[in-house]
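Inspection log for the structure reproduced underneath, given as structure tokens.
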Amino acid sequence: MAYSRPPVQPGRALTRSPSVPVESTAGVFDFSLDADIATTTSLGVVQVGSGLAITPEGVLSATNSGSSDFVNVTLTGVNYTAISTDLYVGATNNNITITLPIGILGRVYYVKNQSSGNIRVQGTGGETIDGLVFQTLGSDAGFIVVFDGTRWNIL
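Sequential numbering of the sequence shown, starting at 38, is according to our numbering.
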């Protein structure tokens, strides 16, 4: 079976049909995208932008090949020590402690209190956060920390 499609117009954006999604089952919306967001060469080769792939059948998909468009998210309701694959750590329960691992120069963590009480964020092995042994995050508060080689710094 051969795939046939009219020539792609350069710069055409995604369009959704129907324009307003129709809910078919709980939380599932049926719609299709017109994926003419590429260009064709004089040889008929389809070129798509970074982070996109097109199959021989003509299916366009988003790819994540080490892109910074996505972050690793960890949600916890208990005391937790962040690991190297975490980037965002969200506390879903109050009165817990989030511990940052031993710092590595340039390492960044996003920490957010997603609860209605306070949480505690602390370093490991005497490493401080802005010079303090721990920081308290109130309800819905958060910060970004980066390790400068000697301590964690709030941005």
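No residue lacks a Cβ here, since even glycine has one placed at the ideal position from N, Cα and C. Computed from a prediction, not measured in an experiment: that's the story for all the values here.
- About 5 Å separates the CB atoms of residue 116 and residue 134; that is less than 8 Å, so the two are in contact.
- Residue 163 and residue 107 have their alpha carbons spaced roughly 31 Å apart.
- The beta carbon of residue 145 is closer than 6 Å to those of 183 in its chain, skipping five residues each way along the sequence.
- Apart from sequence neighbours up to five positions away, the residues of its chain that approach residue 165 with a beta-carbon distance below 8 Å are 188, 189, ordered along the chain.
- In this structure, the alpha-carbon of residue 174 lies about 24 Å from that of residue 142.
- Classified as exposed, residue 139 has fewer than 16 neighbouring CB atoms from the shown chains inside 10 Å of its CB.
- Burial state of residue 112 is exposed, judged by a 10 Å Cβ sphere holding fewer than 16 other Cβ atoms.
- In this model, residue 122 and residue 147 are separated by some 12 Å (Cα to Cα).
- Straight-line measurement puts the Cα of residue 191 at about 10 Å from the Cα of residue 168.
- With fewer than 16 neighbouring CB atoms inside 10 Å of its own CB, residue 120 falls in the exposed class.
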